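What follows is a single structure, written as structure tokens, with notes after it.
Number of protein chains: 2
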Amino acid sequence: MNQEAQLIERIAKAVPSLRGARGGAEARRGLRLGIGDDAALLAKGGRGDWVLSCDAFVDGIHFRAKSYPPDSVGYKALARATSDLAAMGAEARFFLLTLGLPTGLRGAWLDRFLRGMRRAARELGMRLAGGDTTRSDKVSISITVIGEIGRELAVRRSGARSGDLIYVSGRLGRAALGLALMAARGPAAGLLAPLLKPHLYPQIRIELGNCLARRCVASAMMDISDGLSTDLARLCRASGVGARLAAERIPCVRIPPAATRALRGKRLNPLRMALHGGEDYELLFTVPRRSLKRLRSVREFRNCTAIGEIVRGGGTTLIDEKGRATPLEPLGWDPFS
Amino acid sequence: MNQEAQLIERIAKAVPSLRGARGGAEARRGLRLGIGDDAALLAKGGRGDWVLSCDAFVDGIHFRAKSYPPDSVGYKALARATSDLAAMGAEARFFLLTLGLPTGLRGAWLDRFLRGMRRAARELGMRLAGGDTTRSDKVSISITVIGEIGRELAVRRSGARSGDLIYVSGRLGRAALGLALMAARGPAAGLLAPLLKPHLYPQIRIELGNCLARRCVASAMMDISDGLSTDLARLCRASGVGARLAAERIPCVRIPPAATRALRGKRLNPLRMALHGGEDYELLFTVPRRSLKRLRSVREFRNCTAIGEIVRGGGTTLIDEKGRATPLEPLGWDPFS
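Residue numbers (the numbering used here), protein chains in the order written: chain A, 856 to 1192; chain B, 856 to 1192.
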């Protein structure tokens, strides 16, 4: 359990809290899922549930207001929050924006920030329904996203079972490469610009998640926000299972020579970036073997890769190309370490 | 329109937004009320709606982590967010907590913070259903509160009509006195301690609000978070009306000699504190004359005072004890001024 998980545990113990799936009185009062998954579920009436999650995005921790394109800050703030809806299989609907702004950033910076947020909102089908604003020393954003999903269709972290195959969407480590390039020299034009995009303007898998949920393909799902090693450990803990990953199956970032030059020869390890890099916002999901045929009918299936298998017990094991097994430590992003 | 209102307007124009009461497609998709009131409304199914609002509470802007009792920060963070539910007449249910914490405050400070939040949660009937945590330079809290209310019972800002009487609950300016005492000397024991309470541990009128809503007494309602002058102007603008207030009817804070001594003779004006002080979290509501009898049956009625009347046109006029009328400027709290 990393330091953030320990902190959440401490908060949930100290304050009256609602964890996990709710039955009885809580379900009758409309809360169907509390703390411990990507999002909470509230009754919507009819055959649906509301899906709610919130996400903090803070200058100096998650981005740098001084050096990042302002529109990327607005875009990413909404995109990464919405990724929690994709992780449940929900459709994106509304958001509430809490925005803390320094005095100096209320002119052109804010206009560009809002332009980025508008683009994300349009792409994701989100609309602003409320919020709060305040002055603050640094840009500080908290977004509450609200999605919608059919009753009983939300895909939780806790449904993975021994024998299920483990899939990821996309290619992992691309955001880590973008971050390394930003740290090395700030926004870049030309050859490097496309390599920054996964870090600055992450694409959210809202359609894939929704399709997997509607067709009941995935037994468990979450988004990869903190790194595959850390997030897979969370999924396994929630499901009470372990995992075996084949290193050579993991779709790793490709590092072109231009990037190596920009990093002045600094050696990057694509597998490490894919395992621990974080912020890829790809989906991590498990599929029972009996559902594989249905998975192949999902439109974005070609963009998904089987990387391993759920096993009994706990912990994650990485199998290298020579068949050697080593424990995979959760070394992804932890805001408190 | 103060600077915060201008900023909200700018955001709502720049980003795809849902303002005011929703009909047609939006209502069918479940959003009943968007930007512009104390909270948004989402369909719950059956005969109810969910009520959602979020509130930021930031070190250096709203409190000082170094000098405020940590439990007061936890208490007030949740209480002031919940006040937006009271303002709609809702019952309090769940909350999502976004917590940004500096490294140095994760020990005893956090324990005391959480103790205060637990007390507020118990008093208000709130339970934690999710959230997000991050490291940050200063303590930064954003809380999304979720309440529940019967369909069509939520009391909006926009329902005040000419001839309605204007009421406030409690006594205004008490939080401003507490703030002045905190600024002068920090937490105090003995005689002064009770005078700090309205600032540190505000009592939220969730029962009063809910009762006014259930009995359909109030035509418009909001909570007084930024000061009567500013919040009444907002209510009038939302309703397209004006207001006349009788200065001598306004229930003002009483300033005991001990407070004057602690402030080293600094002269405080109780009426100014009541008009512009902010953070009282009392309810401001309007009552059509035909509903006055029903109002008197509300349990907390004795705690409410008629302070004026809604009139045609716009703007707020203050009538002093000699019958002289002066325009009442909105001089309450504005985080950006």
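Just so you know, even glycine gets a beta-carbon here, dropped at the ideal spot from N, CA and C.
The structure displayed is predicted, hence computed values, not measured ones.
Rounded to whole angstroms, what is the Cα-Cα separation between G901(A) and R874(B)? 25 Å
Considering Cα atoms alone, identify which of G1045(B), R1026(B), A1038(B) and S1074(B) is closest to P1053(B). R1026(B)
Determine, for L862(B), whether the minimum Cβ-Cβ distance to residues of chain A falls below 7 Å. yes
For P871(B), which residues in chain A fall below 8 Å Cβ to Cβ? R973, A976, R977, M981, R982 and L983
Are the Cβ atoms of I1162(A) and I1021(A) separated by less than 7 Å? yes
Would you tell me roughly how many angstroms separate the C-alpha atoms of R1092(B) and G1187(B), rounded to the nearest one? 16 Å
Using the beta-carbon of each residue, which ones in chain A are nearer than 8 Å to K899(B)? G885, L897, A898, K899 and G900
Excluding the five sequence neighbours on either side, which residues of its own chain have a C-beta within less than 6 Å of the C-beta of D914(A), listed in chain order? A920, K993 and V994
Three or more C-beta pairs closer than 8 Å, one from the stretch 1115-1123 of chain B and one from the stretch 1054-1068 of chain B: is that the case here? no
Can you find a CB in chain B that lies within less than 7 Å of the CB of A911(A)? yes
Considering only the beta carbon of each residue, do V1023(B) and T937(B) sit closer than 7 Å? no
Among all the DSSP beta bridges, which residues are the ones paired with C1066(B)? Answer is none; C1066(B) lacks a bridge partner.
Look at the Cβ atom of F949(A), then the Cβ atom of A975(A), and state whether they are nearer than 7 Å. no
Taking 8 Å as the threshold, find out whether the stretch 1078-1098 of chain B comes into contact with the stretch 1133-1140 of chain B through three or more Cβ pairs. yes
Quick one: is G889(B) near chain A, going by C-beta distance under 7 Å? yes
Just verifying my parser: in three-state terms, what is the DSSP assignment at C909(B)? strand
How would you label D939(B), buried or exposed, when you count the other beta carbons within 10 angstroms and need 16 or more for buried? buried
Quick one: is D987(B) near chain A, going by C-beta distance under 7 Å? yes
May I ask you to list the residues that DSSP assigns as paired with D987(B)? T953(B)
Extent of the continuous beta strand (DSSP E) run through Y1056(B): Neither: Y1056(B) is in no beta strand (DSSP E) and is coded neither H nor E.
Limits of the unbroken beta strand (DSSP E) element including Y1022(B): L1020 to S1024
On the DSSP bridge assignment, give the partners of D893(B) in chain order. Answer by DSSP bridge pairing: none, since D893(B) is not bridged.
Nearest-angstrom Cα distance between P1125(B) and C1159(B)? 18 Å
Can you give me the start and stop residues for the beta strand (DSSP E) that A920(B) sits inside? Careful: A920(B) lies outside any beta strand (DSSP E) and carries neither H nor E.
Reduced DSSP category for M1077(B) - H, G, I as helix; E, B as strand; rest coil: strand
Going along the chain, which unbroken runs of the beta strand (DSSP E) with 3 or more residues stay wholly within the stretch 1111-1189 of chain B? 1137-1142, 1159-1166, 1171-1174 and 1180-1182
Just to check my reading of the structure: V1142(B) and S1074(B) have Cβ atoms closer than 8 Å, yes? What is that Cβ distance to the nearest angstrom? 7 Å
C-alpha distance - G842(A) paired with L979(A), whole-angstrom precision: One cannot answer for residue 842(A) here, as it falls past the ends of chain A, which runs 856 to 1192.
Segment contact, 8 Å Cβ cut-off, at least three pairs: the stretch 885-900 of chain B with the stretch 1162-1177 of chain A: no
Strand pairing of G903(B), partner residues [DSSP]: G900(B) and G1005(B)
With DSSP as the reference, label G915(A) as helix, strand or coil. coil
Which residue marks the beginning of the beta strand (DSSP E) containing A941(A), and which one marks its end? Element bounds for A941(A): not the beta strand (DSSP E) but the alpha helix (DSSP H), P925 to M943.
Chain A beta carbons: is any one of them nearer than 7 Å to that of E859(B)? yes
Give a yes or no on whether the minimum CB-CB distance between T999(A) and chain B is below 7 Å. yes
Own chain residues within Cβ distance below 8 Å of W964(A), not counting five before or after: A920 and P925
Exposed or buried, what is M943(A) when buried is set at 16 or more other beta-carbons lying within 10 Å of its beta-carbon? buried
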